[in-house]
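In the UniProt record's numbering, the protein residues as written are 1 to 342. Heads up, the beta-carbon is just placed ideally off N, CA and C, and yes, glycines get one too. Here the structure is a predicted model, which means the values were calculated and not measured. Have a look at the structure below before the remarks.
Following this line, the structure appears as structure tokens:
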């Protein structure tokens, strides 16, 4: 288990504050000569820290005598960043042990041929002045889908400036729980006229009840209010979309179950991410194949990425390079890490 600080190209600001680097956690799991790895991001909003994640990983390890008991212990772990890294590292290891791709090990893969195709991802603008955000939008050259981070100040002036700078784009607004219900009511009509197609988590999680029965002209997406399959039913009638992040669900295994349950409830899917490297995005691209909205632009926010990274051009993500994660071969970067067996 390793902690790494990944520098960002520029400061990234959301409603809760700003950061200049991503503090990520790397976990490796070894069996014989094979090693799997994964990356996750402990998140303060969910009362997580690197030290707390270390303790959670230790608890899982103490319950495990072999890969079978490890898998069971991971399943029973508390959802979050630590569980995500463990789950995805185990998937990567299984791919190497089977000399195959994770894609061909997924539930149902024997009966259905799964593919991971390139997807269109949103590209994110962090909070700034209307002028600065408009310049950032202009630099994206009318990207098909732009995600706009906002707080509760200058919402309409910022969006007007961004829209005029990139009138052919569609927009996702992410308020990160910063608005009141009254603000949401006041904003949505004009925002709908500015190509805003989705609003993520406009209200604090504790205020979700206010959304029941609200007829929004823009689809509303649960982010901080949505973690695992548990409780998805309570979001119906308040949100029409859920944001699946592996750092919230606790890994790929639970994320795939969330997709299945969300579909049964008539909810659309967005797949998102914390700020991290291509390694953190790789497992999420599997979920992205079944998502209506994709936000996996971490690789263009970091100034240093992994070997075999994703390339994003005009919002289009390249295909996953299975040498990075989820394939039979280990990358040189993984081989260079001191192996840590579990």
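| query | result |
| --- | --- |
| Quick check on residue 191: buried or exposed, where buried means 16 or more other Cβ atoms within 10 Å of its Cβ? | buried |
| How many Å lie between residue 188 and residue 173 at the Cα? | 11 Å |
| Could you name the residues that DSSP lists as bridge partners for residue 20? | Bridge partners of residue 20: none, in fact. |
| Counting Cβ pairs closer than 8 Å, one from the stretch 251 to 263 and one from the stretch 198 to 212, do we hit at least three? | no |
| Using 10 angstroms around the beta-carbon of residue 283, count the other beta-carbons present and answer buried if the total reaches 16, otherwise exposed. | buried |
| Under a three-way DSSP split, which group does residue 214 fall into? | coil |
| Which same chain residues, not among the five before or five after residue 99, have their C-beta less than 8 Å away from its C-beta? | 328 |
| With a 10 Å radius around its C-beta and 16 neighbouring C-beta atoms as the bar for buried, classify residue 58 as buried or exposed. | exposed |
| Would you list the residues sitting across from residue 308 in a DSSP beta bridge? | In the DSSP output, where bridge partners are listed per residue, residue 308 has none listed. |
| Residue 45: which of 81, 165 and 334 sits nearest, CA to CA? | 81 |
| Can you check whether the CB of residue 9 is closer than 9 Å to the CB of residue 301? | yes |
| Counting pairs of Cβ atoms below 8 Å between the stretch 143 to 155 and the stretch 163 to 180, do you hit three or more? | yes |
| Taking 8 Å as the limit between beta carbons, can you name the residues of its chain near residue 318, skipping five residues before and five after? | 118, 310, 311 and 312 |
| Fully enclosed by the stretch 116 to 145, which alpha helix (DSSP H) runs are 4 residues long or longer? | 130 to 139 |
| Would residue 245 and residue 222 qualify as a contact pair, given that the criterion is a beta-carbon distance under 9 Å? | no |
| Whole angstroms are fine: how far does the CA of residue 20 sit from the CA of residue 353? | The question about residue 353 has no answer here: the residues shown for the chain are numbered 1 through 342. |
| Please report the distance separating the alpha-carbon of residue 185 from that of residue 193. | 14 Å |
| Would you grab the beta carbon distance between residue 265 and residue 233 for me? Rounded to a whole angstrom, and I think it's under 8 Å. | 7 Å |
| For residue 130, which residues of its own chain have a beta-carbon under 6 Å away from its beta-carbon, when the five flanking residues on both sides are left out? | 157, 158 and 161 |
| Give the DSSP bridge partners of residue 170, in chain order. | 145 |
| Return helix, strand or coil for residue 298, following the three-state DSSP convention. | helix |
| CB-CB under 6 Å to residue 88, same chain, minus the five flanking residues each way: which ones, in chain order? | 38, 251, 252 and 283 |
| Please go through the same chain and pick out, in chain order, the residues whose beta-carbon is closer than 7 Å to the beta-carbon of residue 74, but skip the five residues on each side of it. | 60, 83, 86, 87 and 90 |
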